[in-house]
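Read in order, the letters of the sequence shown correspond to residues 0 to 271 in numbering that gives the first Met the number 0.
Where a beta carbon is used, it is the ideal one built from N, C-alpha and C, also for glycine.
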Amino acid sequence: MPEGDTLFRIARTLRPIMREQTIQAARRGRDWFRIDADSFVGRVVTEVEARGKHLLIHLDDGRAIHSHLGMTGSWHVYHPGQPWLKPVRRAALVFELAEWTIVCFSPKSLETLSPMGLRQQSYLRNLGPDLLSPDFDEEAALARYRFHGELPIGEAVMDQTLACGIGNEYKSEILFLERLDPFRPVEQMSDEQVLSLLRRARWLMHRNLRGGPRQTRFGHGKARVWVYGRAGEECYECGTAIQMRRQGDLGRSTYWCPACQSSSCPPEGKRG
């Protein structure tokens, strides 16, 4: 599932391949009729950047190609003639460079933005501080959390307008590690609890930039995660059955340990 660290790695992969390269050919998938792929031909890529869960490919005419991968989208890089790992029918956009073929598969959204459109695009304009940014502003993120104090913390961490980059897997894992009840309103948390959560998220996301399967559980055997996807199984810490409940307007799954994530239990790494 693409989260902020996934997009950061995608941008890091595409940047040296695409930057300062001329797009020699481009074509769109049949379901993406709003993308004028022909208009990209002859344009030079000036930058590739990730903003939270969004990817932007900037062109020398000021436009930007904006993608959001959703649950199943991905960007792939191939040598010319190399077999693709996904079916052609899932390709939304294909770029041909001098030495590479770049393919975007099954994005949730894909659009071309003019310079003004880039400034006004609602998703991008409203994003909170990026957790993977080297100049991440903790105080700005904290202020946004405080402004939405009525939200349960399990919904707040998924709200990209508060701080961007956390997805559903990180949500459950970070709340477990911080021993926070996912259904507890933000207004019942201290500033230090919110900041500790954000710092934990940044640490885990940066650690996972190394590549490989995402991992939030280290030094405790083969299991990569603490609670995510483990409904009904025993908690590794206390043996209580892990619970799952749908949360928020989109009904996203939240996994938690009702014993460990009580208000009286200190975060992992801060006990005794």
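V43 vs I56 beta-carbon contact at 8 Å: Within the sequence shown, numbered from 1, the residue matching residue 43 stands at position 44. Within the sequence shown, numbered from 1, the residue matching residue 56 stands at position 57. Contact: no.
Quick one: using the 10 Å Cβ neighbour count with 16 as the cut-off for buried, is Q246 buried or exposed? In the sequence shown, counting from the first residue as 1, residue 246 sits at position 247. Classification for Q246: buried.
State yes or no: is the C-beta of A97 within less than 8 Å of the C-beta of G127? Residue mapping note: residue 97 aligns to position 98 of the sequence shown, counting from 1. Residue mapping note: residue 127 aligns to position 128 of the sequence shown, counting from 1. No, these two residues do not count as a Cβ contact at 8 Å.
Closest Cα partner of A240 within the set P79, R223, A258 and R251: One-based indexing of the sequence shown puts residue 240 at position 241. Nearest C-alpha to A240: A258.
Spatially closest choice to R33 from F7, L92 and Q23, by CA coordinates: As a working note, residue 33 is residue 34 in the sequence shown. Closest option to R33, Cα to Cα, is L92.
Helix, strand or coil for I173? Go by DSSP, reduced to three states. Residue 173 sits at position 174 when you count from the first residue of the sequence shown. Helix.
Leaving out the 5 sequence neighbours to the left and right, which residues in its chain are closer than 6 Å to D180 when beta-carbon positions are compared? In the sequence shown, residue 180 corresponds to position 181, counting from 1. Counting only Cβ-Cβ distances below 6 Å, and skipping sequence neighbours, we find Q260.
Selection from Y169, R206 and S73 that minimises the alpha carbon distance to S108: On the sequence shown, residue 108 is found 109 positions in, with the first residue counted as 1. When only C-alpha atoms are compared, the closest one is S73.
Using a Cβ-based criterion (distance less than 7 Å to any ligand heavy atom), does A258 qualify as near the ligand COA? This structure lacks the ligand COA; in fact it carries no ligand of any kind.
Opposite H57 in the DSSP bridges: which residues? Working through the sequence shown from its first residue, we reach residue 57 at position 58. According to DSSP, which records beta bridges pairwise, H57 is partnered with E46 and A63.
Specify, as a first and last residue, the run of the alpha helix (DSSP H) that E191 falls within. In the sequence shown, the residue the question calls residue 191 occupies position 192. Note, E191: alpha helix (DSSP H), D190 to R206.
So L112 and R50 are supposed to be a Cβ contact under 8 Å. How far apart are they, rounded? Against the sequence shown, residue 112 aligns to sequence position 113. Against the sequence shown, residue 50 aligns to sequence position 51. About 12 Å; that fails the 8 Å criterion.
Between which residues of its own chain and E232 is the CB-CB distance below 6 Å, once the five residues before and five after are set aside? As a first step, residue 232 is located in the sequence shown; it is residue number 233 there, counting from the start. Within the same chain, E232 has close Cβ partners I241.
Contact check, T230 vs Y254 under 8 Å by CB: the rounded distance? Here the question's residue 230 lines up with position 231 in the sequence shown. Here the question's residue 254 lines up with position 255 in the sequence shown. According to the sequence shown, residue 230 is Ala rather than Thr. That belief holds up - the Cβ atoms of A230 and Y254 are roughly 6 Å apart, short of 8 Å.
Quick one: Cα of M70 to Cα of G218, how far? The residue given as residue 70 occupies position 71 in the sequence shown. The residue given as residue 218 occupies position 219 in the sequence shown. Those two C-alpha atoms are separated by around 29 Å.
May I ask you to list the residues that DSSP assigns as paired with I101? To locate residue 101, count along the sequence shown from 1; it is residue 102. BP columns for I101 point to V76 and F94.
Hey, I16 and V76 are a contact pair by Cβ (cut 8 Å); roughly how many whole angstroms apart? Taking the first residue of the sequence shown as position 1, residue 16 is located at position 17. Taking the first residue of the sequence shown as position 1, residue 76 is located at position 77. Indeed, because the Cβ distance is near 6 Å, the residues count as touching under 8 Å.
For D158 and H67, I'd like the C-alpha separation in whole angstroms. Along the sequence shown, one-based indexing puts residue 158 at 159. Along the sequence shown, one-based indexing puts residue 67 at 68. One C-alpha to the other measures close to 15 Å.
Looking at the secondary structure, which residues open and close the beta strand (DSSP E) in which L150 lies? For the purposes of this step, residue 150 is taken as the residue at position 151 of the sequence shown. Looking at the DSSP string, L150 is not in any beta strand (DSSP E), and its letter there is neither H nor E.
Can you tell me whether DSSP reads P184 as helix, strand or coil? Position 185 of the sequence shown, counted from the first residue, corresponds to residue 184. Strand, per DSSP.
Within the same chain, show all residues whose beta-carbon is closer than 7 Å to that of R244, passing over the 5 residues directly before and after it, in chain order. The sequence position of residue 244 within the sequence shown is 245, counting from 1. Excluding sequence neighbours, R244 sits near T253.
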